[in-house]
Each structure stands twice: as structure tokens, then as C-alpha cells.
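First comes the structure, then the notes that go with it.
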Amino acid sequence: MSNHLQRQEIRLSDPTVVKDLLARACALVGDIQHAMIASRDGLIIAADANGDEEVAIHGSALGAAAAGIGDHFTNLAAHGRLQSMLVEGDRGCAGVFPVSTALLLIVTSAPGVTLGRFSAAAKKVVATLQSPES
Numbered sequence: 001m002s003n004h005l006q007r008q009e010i011r012l013s014d015p016t017v018v019k020d021l022l023a024r025a026c027a028l029v030g031d032i033q034h035a036m037i038a039s040r041d042g043l044i045i046a047a048d049a050n051g052d053e054e055v056a057i058h059g060s061a062l063g064a065a066a067a068g069i070g071d072h073f074t075n076l077a078a079h080g081r082l083q084s085m086l087v088e089g090d091r092g093c094a095g096v097f098p099v100s101t102a103l104l105l106i107v108t109s110a111p112g113v114t115l116g117r118f119s120a121a122a123k124k125v126v127a128t129l130q131s132p133e134s
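Residue numbering for the sequence shown follows the UniProt record's numbering, starting at 1 and increasing by one per position.
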């Protein structure tokens, strides 16, 4: 299996550190508006400091539901494990990325970002979370 497909565990010994890491990732990646880490059952664990609390709460629940649906689609089509679930609206995008067996990264784009730009930006956020020392 190639390295880009392997998932790495994110240590959550201090949710404040994770929150700061999410905020840093949002600041570094211009096309991302919000980022949050949620459990697979939709409980919010950490969100970027600039994030709206309502977006974090609802986003974590919807992200968990989207991941569940994505898991079912990839299993039905025999395409392996879910790597991401992307949604494009007429004013931006949202995405769900499993970062471990128990955790999801949910990100939303800045207004007007296309799906291609969003996909590249979201993968930069995933890389930042997987290598926080970089």
C-alpha cells in the first residue's frame, strides 16, 4: 500500500493543541474556511478557533453521516476503504476525510472555491495534521 493511502493516528492528549493545529492549517491553506476533528459517531473533538460553534456541531454530525454513506458506497462498488467524501455546492465545498479508524477531519471551503481547488487544499490540511512538526 502506498504511503498516501496509509492512515496515521493523531494523538489527542490535548484537544487545545489539536484546535491550534486546525487553526494553523486553516491559516496556511487559503481555500479552507473551517476545519474540525470529530469522532465517527459525530461528536466534535476540536475545531479551528475561527470556526462558528454551530458549524462545528452540525458539521461533525453531518460529517459522520456522510462518512457512513461514503463507506457504504465504496463497499457496494468494491472500491476499498473510504478516503474522502466531497460535496460541491454552488458557493463552495465541504469534505470529510477519515484520519484514523475513530476520527474524521471535516473541512469547508472559503466561498467560491471549486471542487478541484478544494480537494487539493483539503489534502494539505490532512498532511498538516499527519505531520504537525512540519
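Note that beta-carbon positions come from the ideal geometry of N, C-alpha and C, so glycine has one too.
Fill in: DSSP state of V18 mapped onto helix, strand, coil
Locating residue 18 in the sequence shown gives position 18, where the first residue counts as 1. Helix, per DSSP.
Practice prompt. For the alpha helix (DSSP H) containing A65, list its first residue and its last residue.
Written response: Your numbering for residue 65 matches position 65 in the sequence shown. E53 to L76 is the extent of the alpha helix (DSSP H) around A65.
Item to complete: Determine the DSSP secondary structure at V113, reduced to helix, strand or coil.
Response: For the purposes of this step, residue 113 is identified with residue 113 of the sequence shown, where counting begins at 1. Under the three-state reduction of DSSP output, V113 falls in the coil class, being neither helix nor strand.
Practice prompt. Have a look at the DSSP bridge pairing and note the partners of L86.
Written response: One-based indexing of the sequence shown puts residue 86 at position 86. The bridge partners DSSP lists for L86 are G95.
Worksheet item: Can you give the beta carbon distance from A67 to L82, rounded, assuming they're within the 8 Å contact cut?
Response: Position 67 of the sequence shown holds residue 67. Position 82 of the sequence shown holds residue 82. Going by Cβ atoms, the distance from A67 to L82 rounds to 6 Å, so yes, they are a contact pair.
Worksheet item: Taking contact to mean at least 3 C-beta pairs separated by less than 8 Å, is the segment 28–39 in contact with the segment 95–106?
Response: Using a C-beta cut-off of 8 Å, the segment 28–39 makes contact with the segment 95–106, since at least three inter-stretch Cβ pairs fall below that distance.
Worksheet item: Measuring CB to CB, does V125 end up less than 8 Å from I45?
Response: Against the sequence shown, residue 125 aligns to sequence position 125. Against the sequence shown, residue 45 aligns to sequence position 45. No, the pair does not count as a contact, with Cβ atoms beyond the cut-off.
Item to complete: Hey, could you find the ends of the beta strand (DSSP E) H79 is sitting in?
Response: Position 79 of the sequence shown, counting from 1, holds the residue named residue 79. First-last for H79: undefined, no H or E at that position.
Worksheet entry | Coarse secondary structure for T108, derived from DSSP in three states | The count along the sequence shown starts at 1 and reaches residue 108 at position 108. Strand at T108.
Practice prompt. Say whether the segment 18–35 touches the segment 50–59, bearing in mind that this needs 3 or more beta-carbon pairs closer than 8 Å, one atom from each stretch.
Written response: Judged by Cβ distances under 8 Å, the segment 18–35 makes contact with the segment 50–59, as three or more pairs qualify.
Worksheet item: If you drop the 5 nearest sequence neighbours on each side, which residues of the same chain put their C-beta closer than 8 Å to that of V113?
Response: As a working mapping, residue 113 is identified with position 113 in the sequence shown. Excluding sequence neighbours, V113 sits near D31, G92, C93 and A121.
Discussion item. Let me make sure I understand the geometry here. Which of L21, Q130 and M85 has the alpha-carbon closest to that of G70?
Written reply: As a working note, residue 70 is residue 70 in the sequence shown. It is M85 whose Cα lies nearest to the Cα of G70.
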